[in-house]
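K.L.:
Handing you a structure now.
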Amino acid sequence: MFEPTILPALISMGLLLKYWRQVKDQQIILGFLFFAVTMGLFTQYWGITGLHLFTGGVVIWPVLVLLLGDRFPWPLAYPLTFIGTLIPDLYGAGIAADWQSGWFYEVGGAGFQDGMFLVPLEALIAAAVLNKFGIFMRRRGYFSRRVNIDKDAYPKDLDRRAR
-3 MFEPTILPAL ISMGLLLKYW RQVKDQQIIL GFLFFAVTMG LFTQYWGITG LHLFTGGVVI
57 WPVLVLLLGD RFPWPLAYPL TFIGTLIPDL YGAGIAADWQ SGWFYEVGGA GFQDGMFLVP
117 LEALIAAAVL NKFGIFMRRR GYFSRRVNID KDAYPKDLDR RAR
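Okay, so the sequence shown: first residue is -3 according to the working numbering, each after it adds one.
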């Protein structure tokens, strides 16, 4: 039952142990993780082909990597997306167990084609690409935390603020 989950879990544990201390805003990241898990829980449904859920981590973590830059290491997109997918997946298995009045064993072990492996990998690739794009844009002055205005924003450098 858990064979497809072991490799992503080990990768996630290693990346979390290595990069978690580099996160500057840990409470904010945990809040977004809670949001991603909640989104997965509320958007999941059982169809004829199995459990379907929207994994918010595919969108949330790469965008945070883009916006936060060095305050959020991009390799953390993998474990955080994995956690955000694992919890709703286990909850969905519990729902199926309740329907069957027994434990839900598995669909057949999707292995490397399973969402537990591919979805975090897609988030990691998107985070790596957006990290490079963020570095490129920061060199040109975008996403800067400081505002550098040498001249007034109004024509002819006139200060038109209320006095």
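Ideal Cβ placement from N, Cα and C applies to all residues, glycine included.
Quick one: using the 10 Å Cβ neighbour count with 16 as the cut-off for buried, is A93 buried or exposed?
P.N.:
For the purposes of this step, residue 93 is identified with residue 97 of the sequence shown, where counting begins at 1. The residue in question, A93, is exposed, as its Cβ has fewer than 16 Cβ neighbours within 10 Å.
K.L.:
If you run the structure through DSSP and keep just helix, strand and coil, what is Y138?
P.N.:
The count along the sequence shown starts at 1 and reaches residue 138 at position 142. It is coil, neither helix nor strand.
K.L.:
Sort T34, Q22, K20 and K14 by Cα distance to I79 and report the nearest one.
P.N.:
Numbered from its first residue, the sequence shown carries residue 79 at position 83. That would be T34, whose Cα lies nearest to the Cα of I79.
K.L.:
If we count the other Cβ atoms within 10 Å of its Cβ and call it buried at 16 or more, is Y39 buried or exposed?
P.N.:
Position 43 of the sequence shown holds residue 39. The question names Tyr, yet the displayed sequence has Thr at residue 39. T39 comes out exposed.
K.L.:
Since G52 and A73 are thought to touch, with beta carbons under 8 angstroms apart, how far apart are those beta carbons, to the nearest angstrom?
P.N.:
By 1-based counting over the sequence shown, the position of residue 52 is 56. By 1-based counting over the sequence shown, the position of residue 73 is 77. Not a contact, Cβ separation roughly 12 angstroms.
K.L.:
Identify every residue that forms a DSSP beta bridge with L47.
P.N.:
The residue labelled residue 47 in the question sits at position 51 within the sequence shown. DSSP, once it has assigned bridges, lists W42 as partnering L47.
K.L.:
Using the rule of at least 16 other Cβ atoms within 10 Å of the residue's Cβ for burial, across every protein chain shown, is I25 buried or exposed?
P.N.:
Residue numbering aside, residue 25 sits at position 29 when the sequence shown is read from its first letter. Its Cβ being crowded by 16 or more others within 10 Å, I25 is buried.
K.L.:
Once you ignore the five residues that flank I7 on each side, which residues in its own chain have a CB closer than 7 angstroms to its CB?
P.N.:
In the sequence shown, residue 7 corresponds to position 11, counting from 1. Excluding sequence neighbours, I7 sits near Y74.
K.L.:
Take P69 as the anchor and find which of L3, T1 and K128 has the nearest alpha-carbon.
P.N.:
On the sequence shown, residue 69 is found 73 positions in, with the first residue counted as 1. The option with the nearest alpha carbon to P69 is K128.
K.L.:
Between which two residues does the alpha helix (DSSP H) containing V59 stretch?
P.N.:
Looking up residue 59 in the sequence shown gives position 63. Looking at the DSSP string, the run of the alpha helix (DSSP H) that includes V59 is G53 to L64.
K.L.:
Who are the Cβ neighbours of L126 in its own chain at under 6 angstroms, not counting the five residues just before and after it?
P.N.:
The sequence position of residue 126 within the sequence shown is 130, counting from 1. Taken in chain order, the residues that qualify are P58, V61 and L62.
K.L.:
Give me the residue from P71, G46, A89 and F139 with the minimum Cα distance to L11.
P.N.:
Looking up residue 11 in the sequence shown gives position 15. The shortest C-alpha separation from L11 is found at P71.
K.L.:
State buried or exposed for T77, treating a residue as buried only when at least 16 other CB atoms are found within 10 Å of its CB.
P.N.:
Indexing the sequence shown from 1 puts residue 77 at position 81. So T77 counts as buried.
K.L.:
Might you give, ordered along the chain, the residues of its own chain that have their beta carbon closer than 7 angstroms to the beta carbon of A124, omitting 5 neighbours on each side?
P.N.:
Residue mapping note: residue 124 aligns to position 128 of the sequence shown, counting from 1. Contacts found: W70.
K.L.:
Would you report the Cα separation of T45 and I56, rounded to the nearest angstrom?
P.N.:
Position 49 of the sequence shown holds residue 45. Position 60 of the sequence shown holds residue 56. Between T45 and I56, the C-alpha separation is close to 26 angstroms.
K.L.:
Residue range of the alpha helix (DSSP H) that Q96 falls in?
P.N.:
In the sequence shown, residue 96 corresponds to position 100, counting from 1. A73 to Q96 is the extent of the alpha helix (DSSP H) around Q96.
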